[in-house]
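The next block holds one structure in the form of structure tokens; read it before the comments.
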Ligand code: ASN
Ligand code: ZN
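In UniProt numbering, the protein residues as written are 148 to 473.
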């Protein structure tokens, strides 16, 4: 990469962060040639952000480029996380060879929109500004990594976005959102098992240790869980991941009860992440429900760690503890 600029950005959520950008005439453009050339653009102008001196934005939402800094940096960290942790390269692949990079993102979507999403249509992410009263810009690292993960899911298991597979899809995005927080270890946004804790001012959007803390999400599987909104049935998957990584009861990251009164011993975040991704990448399919998630993750555990080892038994224990039984 001959023509790469090492810049600095000032984000609202992320603080002062490094940005890799590209030259564009006498200016710089917010695209990253070292990571598949993805970029962040303004939805209103449909143009990538540019900057004359490489010192991007000022950390205030009133500066249009501030949200772009959070998103561009968050996408770069997400790219590095996938590559270093799973050996997965989050860029254009043959399926969309002339389409935009999957990490392309638009900011200032809608009018005071309190949401963010990944779009199958543009193969891009979109981020709202929030309303400034009860919500901040929806551009925090866990939200960026959540949306980027929807694109990974659409190229791996392709989990249908409804019913239990939709809950598993949403849980996967929430889980990676927080794994990327741990990977970044940014003092401006310390890691946790909370989802969207920086976007809604009153409380986190979701909790992984005990999802029902939000008053609406499911802690445990039941025959009707698939009829919930996918952002609520995701609780079963989020809870299972939390138990697998950290175990039940009180830990540094939360206070996680089990649905069956059992005690679960965690196998650590890194091993839990590896198992979850391997199941997503090689076992789960579009129609995988929670029972299938358990079966597929046990197959992943056998492949990675051997049958009936510590990891295999921990996967059994974690899913049983959220009432997804054999
Ligand atoms: N923020 C939501 C999500 O990415 C938007 C949606 O409902 N799809 O899950
Ligand atoms: Zn989502």
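We treat Cβ as the ideally placed atom computed from N, Cα and C, and that holds for glycine.
Item: Just the Cα atoms here: how many angstroms apart are residue 398 and residue 355?; Value: 13 Å
Item: When you get a sec, list the residues whose CB is within less than 6 Å of any heavy atom of ligand 2, chain order please.; Value: 293, 297, 317 and 320
Item: Determine the DSSP secondary structure at residue 222, reduced to helix, strand or coil.; Value: helix
Item: Can you tell me whether residue 241 is buried or exposed, with buried defined as 16 or more other CB within 10 angstroms of its CB?; Value: With a pLDDT of 41 at residue 241, under the threshold of 50, the modelled position of that residue is not reliable, and no figure is offered here.
Item: Would you check if there are 3 or more beta carbon pairs closer than 8 Å linking the segment 214–234 to the segment 324–332?; Value: yes
Item: Can you name, in chain order, every residue of its own chain whose Cβ lies under 6 Å from the Cβ of residue 424, other than the five neighbours on each side?; Value: 233
Item: May I have the straight-line CA-CA distance separating residue 470 from residue 458, to the nearest angstrom?; Value: 19 Å
Item: Rounded to the nearest angstrom, how far is the Cβ of residue 185 from that of residue 179, given a contact under 8 Å?; Value: 6 Å
Item: Taking Cβ to Cβ, would you say residue 236 is nearer than 7 Å to residue 428?; Value: no
Item: Determine the direct distance from the alpha carbon of residue 238 to that of residue 244, and round the result to whole angstroms.; Value: Note on residue 244: pLDDT 47, under 50, position unreliable in the model; no value is reported.
Item: Say yes only if the C-beta of residue 354 is nearer than 6 Å to one or more non-hydrogen atoms of ligand 1, and no if none qualify.; Value: no
Item: Based on the DSSP output, what are the partners of residue 354 in its beta bridges?; Value: 341
Item: Taking 6 Å as the line, does the beta carbon of residue 263 fall inside it for any heavy atom of ligand 1?; Value: yes
Item: Count Cβ pairs between the segment 303–321 and the segment 271–280 that sit closer than 8 Å; are there 3 or more?; Value: no
Item: From residue 411 to residue 285, what does the alpha carbon distance come to, in whole angstroms?; Value: 34 Å
Item: Give a yes or no on contact between the segment 383–392 and the segment 460–467, applying the rule of three or more CB pairs nearer than 8 Å.; Value: yes
Item: Can you tell me the Cα-Cα spacing of residue 416 and residue 451, whole angstroms?; Value: 16 Å
Item: Please state if the CB of residue 419 and the CB of residue 444 are separated by a distance shorter than 7 Å.; Value: no
Item: On the criterion of 16 or more Cβ atoms from any shown chain inside 10 Å, does residue 271 qualify as buried, or is it exposed?; Value: buried
Item: Thinking just about the alpha-carbon of each residue, which of 352, 335 and 230 is nearest to the one in residue 321?; Value: 352
Item: Between residue 335 and the rest of its own chain, which residues show a CB-CB distance below 6 Å, the 5 nearest in sequence each way excluded?; Value: 161 and 162
Item: Provide the residue span of the beta strand (DSSP E) that contains residue 421, from first to last.; Value: From DSSP, residue 421 is part of no beta strand (DSSP E) but of the alpha helix (DSSP H) over 416–429.
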